[in-house]
Amino acid sequence: MDLGYKSEAYLELYSLGCRNIVIGGLPPIGCLPIQMTAKFRNIFRFCLEQENKDSVVYNQKLQKQIPQMQASLTGSKILYSDIYNPIYDMMQNPGKYGFLETSFMCNVLSQTCDNHSEFLFFDSSIHPSEATYNYIGDLLDTQIREWIAA
């Protein structure tokens with residue numbers, strides 16, 4: 001897998017003076033409602049392991065490229081931010097995060113739902129709910145603060 005197009009974007013950021021860069025990995029693609037819905041045979045709405053495997057492989061390759069990228073960008077610090085594992089954990093252990101529903105959407109026919117904080121996903125495609133973003137945001141904030149302080 002060649003992630004060269006991403007490297008070019010980081011080179012441009014670097015040329016503009018950016019030295020601290022956070023690179024986010026992919027989420028568990030097979031756990032997105034749109035993926036589970038697209039596979040009609042998936043009536044029990046389990047995460048699709050092949051799609052998740054694709055995310056894992058991509059994330060591993062991305063992580064392996066980060067030291068090379070950092071070495072080529074003098075004075076840069078690059079942090080890989082894992083969102084796969086937290087979202088996968090939310091899918092597998094919804095109660096731990098206060099979610100009642102993780103495989104269906106909150107937003108039915110573009111209507112706002114009253115109990116949106118109980119859903120992992122806002123809509124049927126790829127958009128997490130505000131509650132999910134709050135958790136991921138807090139996690140990233142902690143990672144970034146520790147990384148900058150190091």
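Here the UniProt record's numbering is used: the first residue of the sequence shown is 1, the next is one more, and so on. Quick reminder that beta carbons are idealized off the backbone N, C-alpha and C, glycines included.
1) Within its chain, find whatever has a CB closer than 7 Å to the CB of Tyr14; leave out the 5 residues flanking it on each side and keep chain order.
2) Taking the straight line between their C-alpha atoms, what separation do you get for Ser133 and Ala38?
3) Expressed to the nearest angstrom, what Euclidean distance is found between the alpha-carbon atoms of Leu48 and Glu8?
4) Roughly how many whole angstroms lie between the Cα atoms of Phe46 and Ile144?
5) When you compare each of Leu120, Asp114, Asp89, Pro28 to Ser55 by their alpha carbons, which one comes out closest?
6) Is Asn134 close to chain B, meaning its C-beta is less than 9 Å from at least one C-beta of that chain?
7) Give the secondary structure of Ser103 by DSSP, where H, G and I count as helix, E and B as strand, and everything else as coil.
8) State the Cα-Cα distance for the pair residue 151 and Ser129, rounded to the nearest angstrom.
9) Below 8 Å on the Cβ atoms is my guess for residue 152 versus Leu62; work out the distance and round it to an integer in Å.
10) With a Cβ-Cβ cutoff of 9 Å, do Tyr135 and Met90 count as a contact?
11) Under three-state DSSP, which class holds Leu79?
Taking the definition as stated:
1) Around Tyr14: Leu73, Ser76.
2) Per the sequence presented here, residue 133 reads as Tyr, with Ser not at that position. Near 24 Å, if we compare the C-alpha coordinates of Ala38 and Tyr133.
3) Answer to the nearest angstrom: the Cα atoms are 32 Å apart.
4) Rounded to whole angstroms, Phe46 to Ile144 spans 32 Å at the Cα level.
5) Nearest C-alpha to Ser55: Pro28.
6) Annotation note: the requested chain B is absent from the structure, which comprises a single protein chain.
7) Judged by DSSP in its simplified three-state form, Ser103 adopts strand.
8) Only positions 1 to 150 of the chain appear in this structure, which leaves residue 151 out of reach.
9) The requested residue 152 does not occur in the structure, where the chain is confined to residues 1 to 150.
10) It is a contact, given that the beta carbons lie within the stated cut-off.
11) In the three-state scheme derived from DSSP, where H, G and I count as helix and E and B as strand, Leu79 is classed as strand.
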